[in-house]
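Student: My questions will all concern the structure given below.
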Amino acid sequence: MSNLNVQGQAIPVDADGYLLDINDWSEGVAASLAEREGISLSPAHWDVLQVLRAFYDEYQLSPSTRPLVKYAALKLGADKGNSAHLNRLFNGAPAKLGAKLAGLPKPANCI
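In terms of my numbering, the numbers along the sequence shown are unbroken and rise by one, the last being 330.
This is the structure in structure tokens:
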């Protein structure tokens, strides 16, 4: 276990950098996690992070890629809810990296 330091506060994360408590998530936490991954969050990223958090609120689990794509298409439209767009935003790992930045648990089927 290690910590992510955000505005002077130590946020516990696991060995892979996922939050141990989803209630620790904030936009500042997301930005810090993204920086660790070499990503500068754009409005398109924020849209997907909100979709991921909505999916988690509804189903109590982090989506794998296929359900994420379908849910994003439903919530954001076909132009943003497609594999190519999501892969481009999240370095080819939209479910895994997106969940991390959204403060959610690692999806069950991600290695």
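Virtual Cβ for every residue (Gly too), placed ideally from N, Cα, C.
Inspect the CB distances between the region 284 to 304 and the region 227 to 240 and report whether three or more fall short of 8 Å.
Tutor: Segments in contact, no.
Student: Can you tell me whether S281 is buried or exposed? The criterion is at least 16 other CB atoms within 10 Å of its CB, across all chains shown.
Tutor: As a first step, residue 281 is located in the sequence shown; it is residue number 62 there, counting from the start. Counting Cβ neighbours within 10 Å, S281 comes out buried, since at least 16 surround it.
Student: Given that a residue counts as buried once 16 or more other Cβ atoms are within 10 Å of its Cβ, and exposed if not, what is A291?
Tutor: In the sequence shown, the residue the question calls residue 291 occupies position 72. Buried: at least 16 other Cβ atoms inside 10 Å.
Student: Let's see if you can read the secondary structure: which residues bound the alpha helix (DSSP H) around N306?
Tutor: Walking along the sequence shown from the start, residue 306 turns up at place 87. Segment 302 to 308, the alpha helix (DSSP H) holding N306.
Student: For K319, is the classification buried or exposed, using 16 other Cβ atoms within 10 angstroms of its Cβ as the cut-off for buried?
Tutor: What you label residue 319 is simply residue 100 of the sequence shown in a count that begins at 1. Buried, since its Cβ has 16 or more Cβ neighbours within 10 Å.
Student: Smallest Cα separation from D276: which of L323, Y237, R255, G236?
Tutor: For this step, residue 276 is matched to residue 57 along the sequence shown. Here the closest residue by C-alpha is L323.
Student: Going by DSSP in three states, S221 sits in which element: helix, strand or coil?
Tutor: By one-based count along the sequence shown, residue 221 stands at place 2. Of the three classes helix, strand and coil, the one that applies to S221 here is strand, per DSSP.
Student: Which of helix, strand or coil does DSSP assign to P324?
Tutor: If you number the sequence shown from 1, residue 324 lands on position 105. Reduced to three states, the DSSP call for P324 is coil.
Student: Could you name the residues that DSSP lists as bridge partners for P231?
Tutor: Translated into positions along the sequence shown, residue 231 becomes position 12. Answer is N222, bridged to P231.
Student: For L268, list the residues DSSP reports as bridge partners.
Tutor: The sequence position of residue 268 within the sequence shown is 49, counting from 1. Paired residue(s): none; L268 is not in a bridge.
Student: For K289, collect the residues of the same chain with a Cβ closer than 8 Å to its Cβ; drop the 5 residues on either side in sequence, then sort them by chain order.
Tutor: Counting from one through the sequence shown, the residue named residue 289 turns up at place 70. Correct list, in chain order: G300.
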